Amino acid sequence: MTCPSPFMTPEREAFRANLKRFFDDEVKPNLDEWELNKAVPWAMHERVSSFGVFGFGIDEKYGGLGFDDAFMRADYAELAFGCGASGFAAAVGGRMISLGPIAKFAPDGFRNTVLPEIIAGRMNSSLAITEPGGGSDVANLSTKAVRKGDKWVLNGAKAFITGGMDSQWFVVGARTGGPGIAGISLFLIEADTPGFTRTPLGGKMGWHCSEQAMLHFDDCEVPTEALIGPENKGFIAIMNNFNYERLAMTAGSLGMMRLCYEASLDWARERKTFGERLIDHQVIAHKFAEMSAKIDMIEAYVERICWAMNQGVMPVAEISKAKVQSTKALEYVASEGMQIFGGAGYLHGNPVERVWREIKVMAIGGGSEEIMRDLAVRQMGLAGQ
Ligand SMILES: Cc1cc2nc3c(=O)[nH]c(=O)nc-3n(C[C@H](O)[C@H](O)[C@H](O)COP(=O)(O)OP(=O)(O)OC[C@H]3O[C@@H](n4cnc5c(N)ncnc54)[C@H](O)[C@@H]3O)c2cc1C
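Heads up: the sequence shown is residues 1 to 385, going by UniProt numbering.
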């Protein structure tokens with residue numbers, strides 16, 4: 001956007017500049033190799049942690065920042081997802097969606113010893129909600145936990161779990177009570193617990209440097225303190241946690257749009273057809289007007305949401321609507337960006353081609369477009385009352 005943002009501060013500018021330098025110098029040059037190897041080197045987890053981005057909203061005594069800032073959360077997500085392979089953001093940042101429940105509900109012993117290791121990037125953790133039977137209908141998840149004396153015994157499976165093959169700790173949603181939202185609890189489960197196994201999920205169309213796993217719980221016994229947060233109140237905790245993931249995916253889509261816009265603009269300024277640069281053809285120039293308008297709108301939407309969050313308001317309807325609008329805008333911008341590249345946009349190695357393969361995970365993961373619209377109208381009091 002050419003007009004200044006009333007929400008920009010010198011601190012944010014410095015934070016963004018530091019991150020941008022890191023992504024430009026240490027991440028972008030290696031992305032092709034990491035995508036090919038289907039992994040990001042472990043050292044990157046610690047390197048990203050050094051910017052403090054895993055510590056938002058977490059007490060300093062547990063290794064967190066001691067403050068929260070939705071703008072900085074969004075700034076990080078925008079730059080990480082927009083770095084050239086949004087799978088990088090998932091590979092190192094997958095833990096972020098599990099940190100809220102751990103910081104809030106895990107026993108003090110865990111928060112004092114293990115949580116700082118996860119925040120420092122020396123250990124990994126994942127959030128496991130989605131099941132082979134479905135991810136949208138969280139209220140009907142079927143992994144079951146039954147209390148037996150001083151243990152809980154879990155049976156069931158989880159699907160698509162980001163970081164699932166290398167995480168040491170999992171926040172797992174399981175049914176401890178009756179059907180529906182009032183029967184779900186959260187468990188904190190270590191990877192080497194007997195009865196827990198995992199298998200990699202191969203063959204994705206994008207996010208190659210980030211791995212996902214299937215998790216299996218077969219009479220998996222955990223101690224009573226593995227249940228974190230109030231029993232049968234896990235659904236609310238899961239929903240609260242989703243807000244941060246959805247803000248990150250919205251800001252992430254913004255970063256991916258910027259990448260497509262800038263790459264296709266560079267190309268349009270270089271490439272000549274019919275004796276003129278592409279950008280000098282009015283039809284092509286108008287594409288940039290449309291693309292930049294969509295980017296501006298999402299940027300403004302994200303900033304307004306961040307402002308509300310920093311005021312202590314959780315604008316669930318707006319976050320839901322913004323997530324849909326951002327992935328729809330991303331679809332448009334990536335499509336137009338690729339069109340501007342012509343055949344070159346269809347080749348592996350083209351930055352827009354990779355984004356193109358990553359659109360759908362943004363539109364489905366963390367709450368699909370359909371579910372986001374549904375949540376928005378409920379939150380606005382228009383439906384489902
Ligand atoms: C790469 C990747 C990483 C992921 N990482 C994680 C992770 O770390 N942890 C985790 O728990 N999950 C993770 N997920 C899962 C993700 O959150 C789910 O894929 C998502 O919530 C949708 O669930 P589903 O795939 O089971 O689709 P379903 O719930 O089966 O839905 C299928 C389709 O039907 C639509 N639909 C469903 N219900 C309705 C309805 N009532 N009205 C209209 N349309 C409807 C959906 O929008 C979707 O388009 C990941 C997914 C991917 C692809």
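Just so you know, even glycine gets a beta-carbon here, dropped at the ideal spot from N, CA and C.
Here the structure is a predicted model, which means the values were calculated and not measured.
Counting only runs that start and end within the UniProt domain "Acyl-CoA oxidase/dehydrogenase middle" (127-220), where is the beta strand (DSSP E) found for 3 or more residues in a row?
144-148, 151-162, 169-175, 184-190, 196-201
Please identify the residue among M96, D59, G66, G63 whose C-alpha is closest to the C-alpha of Y76.
M96
Does the beta carbon of A90 fall short of 8 Å from some heavy atom of ligand 1?
yes
Backbone CA spacing between K20 and H286 [nearest angstrom]:
28 Å
Pairwise C-alpha distance: D218 and A248
33 Å
DSSP state of K38 mapped onto helix, strand, coil
coil
Span of the alpha helix (DSSP H) holding H348?
Per DSSP, H348 belongs to no alpha helix (DSSP H) and is neither H nor E.
Endpoints, the alpha helix (DSSP H) within which G93 is located:
86-93
Candidates S50, D68, Y62, A85: closest to E33 by CA position
A85
Figure out for me which residue from R147, S136, V153, G164 has the closest Cα to the Cα of S125.
G164
In three-state DSSP terms, what is I284?
helix
Beta-carbon gap between A174 and L215 smaller than 9 Å
no
Please state whether the Cβ-Cβ distance between F81 and M362 is less than 9 Å.
yes
How far does the alpha helix (DSSP H) with R122 in it extend, from its first residue to its last?
Looking at the DSSP string, R122 is not in any alpha helix (DSSP H), and its letter there is neither H nor E.
Using a Cβ-Cβ cutoff of less than 7 Å, which residues in the same chain neighbour H208 once the five nearest sequence positions on both sides are dropped?
E35, K38, G87
Count the other C-beta atoms from every protein chain shown that fall within 10 angstroms of the C-beta of V283, then say buried if there are 16 or more, exposed otherwise.
exposed
Beta-carbon separation (whole angstroms), C83 vs F23, contact threshold 8 Å
4 Å
Could you tell me if the beta carbon of L382 falls within a distance shorter than 8 Å of some heavy atom in ligand 1?
no
When the Cα atoms are used, what is the spatial distance from residue 473 to T130?
Residue 473 is absent from the structure shown; the chain starts at 1 and stops at 385.
Could you give the C-beta distance for F56 and D68, rounded to a whole number, given that I count them as a contact under 8 Å?
5 Å
So, do the region 230-238 and the region 299-316 have three or more beta carbon pairs nearer to each other than 8 Å?
no
Given 8 Å as the limit, tell me if F235 has its C-beta closer than that to any heavy atom belonging to ligand 1.
no
Return the first residue and the last residue of the alpha helix (DSSP H) that N243 is part of.
234-270
Name the DSSP beta bridge partners of L227, please?
F187
Close beta carbons around W267, own chain, < 8 Å, minus the five adjacent residues each side
L278, I340, F341, A344
Provide the residue(s) that pair with V222 in DSSP beta bridges, ordered along the chain.
W152
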